[in-house]
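> So for the sequence shown, the numbering used here puts the first residue at 14; every next one is plus one.
This is the structure, below, for whatever I ask next.
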Amino acid sequence: LWRVVNHGRELYGPNLISEIFPGLPEKIDAAVEIHGHIWIFSELYFMQGDFIYKMNTSDYRLPVAKGYPVPISKYWPFCEEQKPSSHYSAPQTSSSCHLRALIPVLLLLICLS
Numbered sequence: 014l015w016r017v018v019n020h021g022r023e024l025y026g027p028n029l030i031s032e033i034f035p036g037l038p039e040k041i042d043a044a045v046e047i048h049g050h051i052w053i054f055s056e057l058y059f060m061q062g063d064f065i066y067k068m069n070t071s072d073y074r075l076p077v078a079k080g081y082p083v084p085i086s087k088y089w090p091f092c093e094e095q096k097p098s099s100h101y102s103a104p105q106t107s108s109s110c111h112l113r114a115l116i117p118v119l120l121l122l123i124c125l126s
């Protein structure tokens, strides 16, 4: 895990994801933390495969938020052609829809922050 803050002036890492955010899967496809102009209720979202995980950033020691992970199609219905696993504890990682479809969203969020 690398963390870039202060408009790229500060760089932290590398760290194991499990050192900073216990309770998340070892392999994370993407993570977005938004400060400044866009507020997401002090929450941090991670994506892995076809699933989204949520943590509360006020206490990184807390496990993944109750009710998560959820299929990515819950937030981005244009990925519904991907069939979410019925077993949330074993997320699918073969799907490429989520990353291709989210790149414009992630870039927009980065530009707005």
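We put the CB at the ideal spot given by N, CA and C, even for glycine.
Because the structure is a prediction, the values reported are computed rather than measured.
The alpha helix (DSSP H) that contains GLU32, what's its start and end?
As a first step, residue 32 must be located in the sequence shown, where it is residue number 19. Where GLU32 is concerned, the enclosing alpha helix (DSSP H) stretches over 30-33.
> For the beta strand (DSSP E) that contains ASN25, what are its first and last residues?
Counting from one through the sequence shown, the residue named residue 25 turns up at place 12. According to the sequence displayed, residue 25 carries Tyr and not Asn. Segment 23-25, the beta strand (DSSP E) holding TYR25.
> Under a three-way DSSP split, which group does LYS79 fall into?
As a working note, residue 79 is residue 66 in the sequence shown. Reduced to three states, the DSSP call for LYS79 is coil.
> Could you pull out every residue in the same chain whose Cβ sits closer than 7 Å to the Cβ of VAL83, ignoring the five residues on either side in sequence?
Translated into the one-based positions of the sequence shown, residue 83 becomes position 70. Same-chain partners within the cutoff: PHE64 and ILE65.
> Expressed to the nearest angstrom, what Euclidean distance is found between the alpha-carbon atoms of PRO35 and PHE59?
As a first step, residue 35 must be located in the sequence shown, where it is residue number 22. As a first step, residue 59 must be located in the sequence shown, where it is residue number 46. So the alpha carbons of these two residues sit roughly 12 Å apart.
> Determine the closest residue to LYS79 out of ASN19, GLN61 and LYS67, with distance taken between C-alpha atoms.
Position 66 of the sequence shown, counted from the start, is the residue given in the question as residue 79. LYS79 has its Cα closest to that of LYS67, out of ASN19, GLN61 and LYS67.
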